[in-house]
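Everything below concerns the one structure shown next.
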Amino acid sequence: MVVYPPGTLFVGQRFQTKEQVQDSINRFHFVNYCTYKVKHSNTTRLLMECVHHDCAWRCRAILRTREQHWEIMILEGPHTCVYPLIHTIHEIIEADPSTPISTIIAHIKLTMGYTISYKKGWLAKQHAIENIFGNWEEFYNKLPGMLQAMQMYVPGFIWKFNTQPAYQGDLLDKGSVRFKRLFWTFKPCIDGFAFCKPIVQVDGTFLYGKYKGMLLVAVAQDGRNNIIPIAFAVVESETTDAWFFFLMNLGRYVTLQDGLCLISDLHEAIRSAYSRN
-5 MVVYPPGTLF
5 VGQRFQTKEQ
15 VQDSINRFHF
25 VNYCTYKVKH
35 SNTTRLLMEC
45 VHHDCAWRCR
55 AILRTREQHW
65 EIMILEGPHT
75 CVYPLIHTIH
85 EIIEADPSTP
95 ISTIIAHIKL
105 TMGYTISYKK
115 GWLAKQHAIE
125 NIFGNWEEFY
135 NKLPGMLQAM
145 QMYVPGFIWK
155 FNTQPAYQGD
165 LLDKGSVRFK
175 RLFWTFKPCI
185 DGFAFCKPIV
195 QVDGTFLYGK
205 YKGMLLVAVA
215 QDGRNNIIPI
225 AFAVVESETT
235 DAWFFFLMNL
245 GRYVTLQDGL
255 CLISDLHEAI
265 RSAYSRN
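The letter at position 146 of the sequence shown is residue 140 when you use our numbering, and the numbering goes up by one with no holes.
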């Protein structure tokens, strides 16, 4: 019986035993970062398919009773599920996490020979980002500890952290809370503002990812017209409460003097928060 390299599968491939068939299937999926399930198995027939119902991969092997060997009779595919795609685009996403889905689809077409849907490309990108940079929920859980470490090792670092109740469906999870808002600034920002013009500009931009939100930023300008960021916040959206949280902490820790000029885009939430502040 011919011995093939690990991960090799093709129609007509022969094995002495059923166990050798299964071992070869296992090696194939290990090499290609895929997962399969056995749909049917008996003493003369073995049928396997991808665990993902929308994947095209399928394999059928039978026992040739006259020759007394097992042979792969049907091998459909390749795997069109997300997991082999993750391995294929790993280097692309690691180099540039903002790679467009259209680029991923084109890369899969070039390297694997078939065209995936936009949804599948998007899912592959999200899984690749998680594999490379970590899980979203895990990083949110690490955030308080990271901020405490910053406060310990970065002199003058200031942060204010708000949470909200966590729910599992409609039920309150008493043992957990969810991230709501975060304000932070650094001592060089605070010290530097004392030498800036008495003008502060605030604005916000959208955050993209699994969990949406807004990044709020305050900047000032020094005597040489250099732009200096002085405070930051991540909030749920541009609500009055969110802007009040940002402006209140900005005034409490950074812009301590009176007579400042505040420049903004006149968003209604900013105006309401400023009036409240």
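Backbone N, C-alpha and C fix where the C-beta goes; we use that ideal spot for every residue, glycine too.
Computed from a predicted structure; not experimentally measured.
Contact annotation: Cys183 and Ala225 have beta-carbon atoms nearer than 8 Å. The Cβ atoms of Thr234 and Ala212 do not sit closer than 8 Å to each other. Secondary structure at Asn156: strand, using DSSP grouped into helix, strand and coil. Per DSSP, the unbroken alpha helix (DSSP H) holding Phe239 starts and ends at 234 to 247. Within the stretch 33 to 84, the complete beta strand (DSSP E) runs of at least 3 residues fall at 39 to 44, 52 to 58, 63 to 70. Taking C-alpha positions only, Lys31 is separated from Gln62 by approximately 25 Å.
In this structure, the alpha-carbon of Thr109 lies about 12 Å from that of Cys75. Sequence-distant partners of Gly139 (beyond 5 residues in either direction) whose C-beta falls short of 7 Å from its own C-beta are missing from its chain. In this structure, Asn156 lies away from Lys136, with their beta-carbon atoms at least 8 Å apart. In terms of Cβ geometry, Ile56 and Met67 form a close pair [threshold 8 Å]. Cα atoms of Glu88 and His101: separation of roughly 15 Å, rounded to the nearest angstrom. DSSP, reduced to helix, strand and coil, places Pro223 within a strand of the structure shown.
In this structure, DSSP gives Ile193 an extended state, which the three-state scheme calls strand. When secondary structure is reduced to three states using DSSP, Lys168 falls in the strand class.
Inclusion of Trp237 and Ala214 in the CB contact set at 8 Å is not warranted, their separation being larger than that value. For Lys31, DSSP records a beta bridge to Glu43. Excluding its 5 nearest sequence neighbours in each direction, Glu65 has C-beta neighbours in its own chain below 6 Å: Arg8, Arg58, listed in chain order.
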